[in-house]
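A.B. asks:
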Amino acid sequence: MSDAMNNQDPTENSKSDLVDRFLALPTIWRVGVTAAIVALVFLVADDYVWPTADAWNEESDRISKIIGQSQNLENTIDRKIERVATALGPIEVPRSAAPGATRLEQTVSSILRDNGIVPKIDARTGSRLASSSPISEVAGGRVQRLVCELDFKSNPDTLINVIRELEAEPEIESISSLRLERIDDGPQLEVTLSIEAWVVPPQGGRS
Numbered sequence: 039m040s041d042a043m044n045n046q047d048p049t050e051n052s053k054s055d056l057v058d059r060f061l062a063l064p065t066i067w068r069v070g071v072t073a074a075i076v077a078l079v080f081l082v083a084d085d086y087v088w089p090t091a092d093a094w095n096e097e098s099d100r101i102s103k104i105i106g107q108s109q110n111l112e113n114t115i116d117r118k119i120e121r122v123a124t125a126l127g128p129i130e131v132p133r134s135a136a137p138g139a140t141r142l143e144q145t146v147s148s149i150l151r152d153n154g155i156v157p158k159i160d161a162r163t164g165s166r167l168a169s170s171s172p173i174s175e176v177a178g179g180r181v182q183r184l185v186c187e188l189d190f191k192s193n194p195d196t197l198i199n200v201i202r203e204l205e206a207e208p209e210i211e212s213i214s215s216l217r218l219e220r221i222d223d224g225p226q227l228e229v230t231l232s233i234e235a236w237v238v239p240p241q242g243g244r245s
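All letters in the sequence shown, in the order written, are residues 39 to 245 by my numbering.
1) Could you check if Glu205 is buried or exposed, using at least 16 other CB atoms within 10 Å of its CB as the buried criterion?
2) Anyone know if the C-beta pair for Arg162 and Trp236 falls short of 9 Å?
3) So, is Pro157 buried or exposed, given that buried needs 16 or more other C-beta atoms within 10 angstroms?
4) Once the 5 residues before and after Val79 are set aside, which same chain residues still bring their CB inside 6 Å of it?
5) Tell me whether the beta-carbon of Ser6 lies closer than 9 Å to the beta-carbon of Ile155.
6) If we ignore side chains and look at the alpha-carbon of each, how far apart do Ala74 and Glu97 end up?
7) Roughly how many angstroms lie between the CA atoms of Glu130 and Pro208, to the nearest whole one?
8) Between Leu216 and Leu231, which are expected to be in contact by the criterion C-beta below 8 Å, what is the C-beta distance as a whole number of angstroms?
9) Going straight from the alpha carbon of Ile201 to that of Glu234, what length do you get?
10) Got a sec, what are the start and stop residues for the beta strand (DSSP E) Glu187 sits in?
11) With 16 as the cutoff for other CB atoms within 10 Å, does Val76 come out buried or exposed?
12) Given Pro225, which residues of its chain have a CB within under 6 Å of its CB, disregarding the five upstream and five downstream residues?
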């Protein structure tokens with residue numbers, strides 16, 4: 039029994055002594071000490087704890103506001119991108135230059151032939167887009183424009199159908215120019231039409 043008492047923690051003994059001394063104080067002293075401790079805790083909280091909590095709350099409000107603004111901006115950008123994508127249609131990644139040129143001529147010839155037209159076709163390469171452009175990055179190389187000039191005769195109704203089909207063809211980027219001349223004041227038209235497509239030249243070729 040004495041060994042157990044000797045093995046008690048001195049810290050526990052000191053705490054017990056403090057409690058005993060506090061309880062032994064007169065009531066008015068106990069109330070005063072308690073009030074002093076409460077006041078000390080209040081001062082510490084007022085100087086350190088509560089300002090820190092207020093700062094955290096302000097930072098939390100600021101972050102929440104930023105997140106809300108980001109979400110609104112994201113929604114706005116998404117709607118703008120959706121409108122642009124709808125207007126432009128699906129993206130066609132450019133193919134290699136040689137097959138691209140051949141296939142473009144075949145596509146154009148097929149559209150005109152289906153409309154009863156045998157055109158004169160002159161295809162040539164144009165300028166290259168910068169390697170940093172979005173289209174070049176998607177294609178995996180610097181994109182070059184392929185220009186295809188067409189000369190043919192047609193009536194207005196057939197020409198409208200041809201232009202509509204050319205614009206609907208994914209391999210054709212744009213109709214860059216259109217020149218019309220009436221033949222002998224009749225219904226037939228002399229048509230000069232330029233279309234453009236994007237191709238990716240082979241690596242190591244000339245710029």
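Using N, Cα and C, we set each Cβ at its ideal position, and we do this for glycine too. Predicted, not measured: the structure shown is a model, and the values here were computed from it.
C.D. replies: Reading off the structure:
1) exposed
2) no
3) buried
4) none
5) There is no way to answer for residue 6, as the model of the chain reaches only from 39 to 245.
6) 33 Å
7) Caution is warranted here: a pLDDT of 49 is assigned to Glu130, below 50, making its placement in the model unreliable, and the coordinate value is therefore given only provisionally. Their Cα atoms are separated by approximately 7 Å.
8) 5 Å
9) 13 Å
10) 182–192
11) exposed
12) Asn193
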